[in-house]
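The sequence shown lines up with residues 29 to 487 when you count with this note's numbering. Cβ atoms here follow ideal geometry from the backbone N, Cα and C, with glycine treated the same way. Here the structure is a predicted model, which means the values were calculated and not measured. These notes concern the structure reproduced below.
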Amino acid sequence: MMKAERLAKIAAVMKGRLVPKEAGEVYARGVSVDSRTIAPGEVFFALKGKRDGHDFVSHAYQNGAIAAVVEREVDVDIPQIIVDDTLFALGELAKEYRRTLNPKTIGITGSVGKTTTREMIAKILATKYTTHSAKKNYNNLIGLPLTILEMGEDVEFAVVELGINTVGEMERLSEIAAPDVAVITSIAPVHTEGLGSIENIISEKVKITKHMPLDSPVIINADCDELISVADKINRRVITFGINRGDYKPIELSFVNGKASFTFRGISFKLNALGRGAVYSALAAIAVADFFDVPLVIASKALELFEPPPSRLNLIKAGNVTIIDDSYNSNPVALDEALGVLVMLDAKRKVAVLGDMLELGEYEEMYHRKVADLIEKHGVDVVFLFGPRMELANARALEMGLDSKILWFVDPEKLETQLLEEVRDGDLILVKGSNAMGMKRFVESLIGRFGLKRGDEEE
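Put into structure tokens, the structure is as follows:
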């Protein structure tokens with residue numbers, strides 16, 4: 029919980045004007061951007077998005093808001109701090125709060141693997157230090173400040189995620205978080221609609237170092253050629269990790285039922301998360317643990333107990349079928365990884381339900397056509413494609429002679445009906461797609477059809 033602070037101090041930090049001035053001695057105990065969930069004593073930030081937060085100041089007040097941060101005064105009997113830009117003001121407040129508490133801060137960015145890496149790092153650090161990490165996937169210009177402003181006064185370490193989808197965002201996120209250590213997990217064609225080229229993605233991601241102390245390390249994936257190509261241009265100490273090369277490289281790596289085991293510096297590690305992506309996240313977390321003097325044997329125990337975040341390669345037993353719920357999001361690299369996990373596991377048949385990959389911009393056609401190549405590469409038995417963009421994958425599959433194993437749908441209800449008719453006992457089903465495609469509904473349909481006993485879900 030945020031340290032209580034006077035409205036006068038909050039207004040000063042944001043260079044805002046408090047109305048009325050007499051409210052300056054009132055203490056706030058948190059912030060919120062949602063009038064529905066705001067708690068008594070919190071300050072409401074009227075952000076502008078699809079809807080204008082100024083229209084909800086009254087609702088926030090009714091639910092206990094102690095003040096509102098606005099760009100124009102609204103006709104509600106509540107103390108108001110008037111600023112030029114409410115989103116910028118939120119970032120300024122978080123920036124000052126982070127500097128006031130001054131926890132060691134680990135900032136994580138990358139095209140894939142950010143959240144799992146963040147959660148692994150937080151779990152390890154929490155064995156030795158009071159550690160704060162986001163409760164949700166809060167990683168943008170709204171979520172990062174909210175994460176920081178949720179910290180209690182006793183926090184020693186903050187583990188935060190910095191996610192971007194347009195040019196210029198990373199520098200601002202780095203300014204707010206001011207990381208003591210940065211981790212860059214990977215570079216991949218993600219958010220190319222807003223970021224443009226791979227070169228732009230690289231350029232933006234390395235800006236996480238912009239507001240770091242000069243003696244701070246940057247931990248990067250050595251198996252990512254794009255990162256290695258710019259490593260010598262990062263004006264910080266570079267620490268590397270990777271399955272194939274790096275300062276933190278596993279020995280005797282093996283997989284049993286999709287879960288990895290390896291050794292490092294004589295310590296055995298067994299992961300409770302699926303796939304090669306989990307290994308990369310674990311290696312980055314081990315590097316952070318080592319830097320902050322957490323014994324690796326303790327890191328090993330923490331990683332063995334780690335449970336992956338919801339809808340990220342979660343294995344679910346539903347009656348006589350098994351579901352891999354990877355419905356949170358999708359991109360070309362993550363899809364390849366997920367299909368790799370699908371074929372790692374034993375099953376009578378391998379089934380994939382794949383939704384559109386969004387925000388690929390000019391690369392949209394190329395990468396959706398390549399989905400058919402990934403299906404052939406991994407030898408999936410039956411594939412359900414979902415969404416208008418997946419027509420491109422279907423067309424490519426027809427060219428390749430894969431039409432006997434692939435079905436394409438735009439209507440989710442028709443897909444759902446066909447899927448439930450097609451799935452048999454013993455099947456292993458991967459569900460993956462961009463979050464906006466609503467792929468979780470297919471996971472829930474399968475669970476509803478085949479049943480889920482309490483304790484059968486592994487997250």
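When S214, L333, D182 are compared, the shortest CA-CA separation from G191 is found for S214. A67 is classed as exposed because its beta carbon has fewer than 16 other beta carbons within 10 Å across all chains shown. Sequence-distant Cβ neighbours of V379 in its own chain, meaning closer than 6 Å and more than five residues away, are V410, D455, I457. Distance from the Cα of A315 is smallest, within the candidate group S462, P173, V41, I247, for I247. Note on P360: 16 or more other CB atoms within 10 angstroms of its CB, so buried under the neighbour-count rule. In this structure R45 is exposed. Its beta-carbon is surrounded by fewer than 16 other beta-carbon atoms within 10 angstroms. Under DSSP, A210 takes part in a beta bridge, and its partners are G135, V246. Between T145 and V211, the C-beta spacing is below 8 Å. Taking the Cα positions, T350 is about 10 Å away from D374.
Note on geometry: alpha-carbon atoms of G476 and R377 lie some 20 Å from one another. Ranked by Cα distance from D208, the first of P241, V71, I279, T65 is P241. Looking at the backbone, the Cα of H87 and that of G286 are separated by about 48 Å.
Taking V322 as the centre and dropping the five residues before and after it, the same chain places the C-beta of I152, L153, T155, K156 closer than 8 Å to its C-beta, in chain order. If you draw a straight line from the Cα of L370 to the Cα of L223, it comes to about 30 Å. Boundaries of the alpha helix (DSSP H) harbouring D253: 253-256, taken from the DSSP string. Comparing alpha-carbon positions, the option among M30, G119, I109 lying closest to L177 turns out to be M30. Nearest neighbour of E99 by Cα position, chosen from A93, T143, D113, I106, turns out to be D113. For N300, the enclosing beta strand (DSSP E) has its first and last residue at 295-302. As a beta-bridge residue in DSSP terms, Y55 pairs with R34.
For N342, the uninterrupted beta strand (DSSP E) segment begins and ends at 342-346. Linking M42 to G69 through their CA atoms gives a straight-line distance of about 19 Å.
For H406, the enclosing alpha helix (DSSP H) covers residues 392-406.
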